[in-house]
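If you use the UniProt record's numbering, the sequence shown corresponds to residues 1 to 158, in order. Take a look at the structure set out below.
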Amino acid sequence: MKLNTKNLKAIQDLYPDELAHCYGCGKMNPNGFHLKSYMVDNETIAHFTPEPKYTALPGSVYGGLLASILDCHGTGSAAAFVCENENIPLDGSINIPIRCVTASLKVDFKAPTQMGVALELKGKLRSIEGRKIWVDMTLSANGTICASGEILAIRLKD
Ligand SMILES: CCCCCCCCCC(=O)SCCNC(=O)CCNC(=O)[C@H](O)C(C)(C)COP(=O)(O)OP(=O)(O)OC[C@H]1O[C@@H](n2cnc3c(N)ncnc32)[C@H](O)[C@@H]1OP(=O)(O)O
């Protein structure tokens with residue numbers, strides 16, 4: 001189902017400009033994917049429609065692309081969950097002061113991912129332990145979960 005983002009701020013758009021050059025999600029990278037993740041009811045959600053050049057077998061999406069967008073959805077989700085935990089607003093009133101990078105990313109490919117449709121990524125917080133944030137993710141096409149992922153994101157020191 002299409003997410004109405006009219007009154008929502010993308011987590012990645014709250015990164016300060018100097019930290020927004022990531023190929024997967026940075027708003028300052030003119031050649032990147034510009035993945036945008038949103039916090040909705042204690043879970044994170046993003047939609048992304050791959051271009052046909054990211055083909056694996058004809059009609060299905062290349063797994064490396066799926067891992068890339070799960071990576072960026074995961075770090076964005078981790079930052080957002082820390083913000084929620086620390087009552088830092090995600091409404092765009094400030095840039096978020098939390099920076100998280102990927103230490104570990106696991107992806108299980110469960111079914112071929114159909115090309116030509118909007119993929120839906122969801123993230124749920126598993127736990128926060130000090131600087132370590134674990135997020136569980138799914139990636140669906142047409143309502144079918146095609147991949148699941150788990151990320152360990154590390155909050156960078158100030
Ligand atoms: C500024 C970012 C803005 C947003 C950009 C979007 C990012 C998009 C997603 C990406 O592609 S990020 C790029 C890919 N990732 C990297 O390049 C990270 C490379 N690794 C590092 O820079 C460091 O290893 C890292 C910052 C993750 C950790 O180094 P630190 O010196 O800050 O911490 P430390 O090594 O003490 O680890 C902190 C904790 O995490 C644990 N840890 C670190 N790496 C781990 C690992 N791989 N598996 C399991 N645990 C791990 C480590 O054991 C420790 O646990 P404890 O606190 O319990 O002792």
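All residues carry an ideal CB built from backbone N, CA and C; glycine is no exception.
By alpha-carbon positions, which one of the options ends up nearest to residue i?
| i | options | result |
| --- | --- | --- |
| glutamine 114 | Pro97, Lys9, Gly59 | Gly59 |
| phenylalanine 109 | Glu129, Glu84, Ala147 | Ala147 |
| asparagine 95 | Lys132, Asp13, Leu8 | Asp13 |
| arginine 99 | Asn87, Ser93, Cys83, Val107 | Cys83 |
DSSP three-state call for residue i: helix, strand or coil?
| i | result |
| --- | --- |
| phenylalanine 33 | coil |
| valine 61 | strand |
| leucine 3 | coil |
Kindly identify the DSSP beta-bridge partner or partners of residue i.
| i | result |
| --- | --- |
| tyrosine 38 | Ile45 |
| phenylalanine 109 | Ala147 |
| alanine 153 | Thr102, Ile133 |
Are the beta-carbon atoms of residue i and residue j separated by less than 8 Å?
| i | j | result |
| --- | --- | --- |
| leucine 73 | leucine 105 | Rather than leucine, the amino acid found at residue 73 in this sequence is histidine. No, the pair does not count as a contact, with Cβ atoms beyond the cut-off. |
| arginine 126 | isoleucine 154 | no |
| methionine 137 | leucine 90 | no |
| valine 107 | leucine 70 | yes |
| leucine 3 | histidine 47 | yes |
| alanine 111 | threonine 144 | yes |
| glycine 92 | lysine 9 | yes |
| valine 135 | serine 77 | yes |
| alanine 80 | isoleucine 128 | no |
How about residue i: is its Cβ closer than 7 Å to a heavy atom in ligand 2?
| i | result |
| --- | --- |
| serine 127 | Questions concerning ligand 2 fall outside what the structure shown contains, since the ligands it does hold are ligand 1. |
What is the residue span of the beta strand (DSSP E) that residue i lies within?
| i | result |
| --- | --- |
| arginine 99 | Arginine 99 -> no beta strand (DSSP E), and no H or E assigned at all. |
| valine 135 | 132 to 141 |
| glycine 92 | Per DSSP, glycine 92 belongs to no beta strand (DSSP E) and is neither H nor E. |
| lysine 124 | 119 to 129 |
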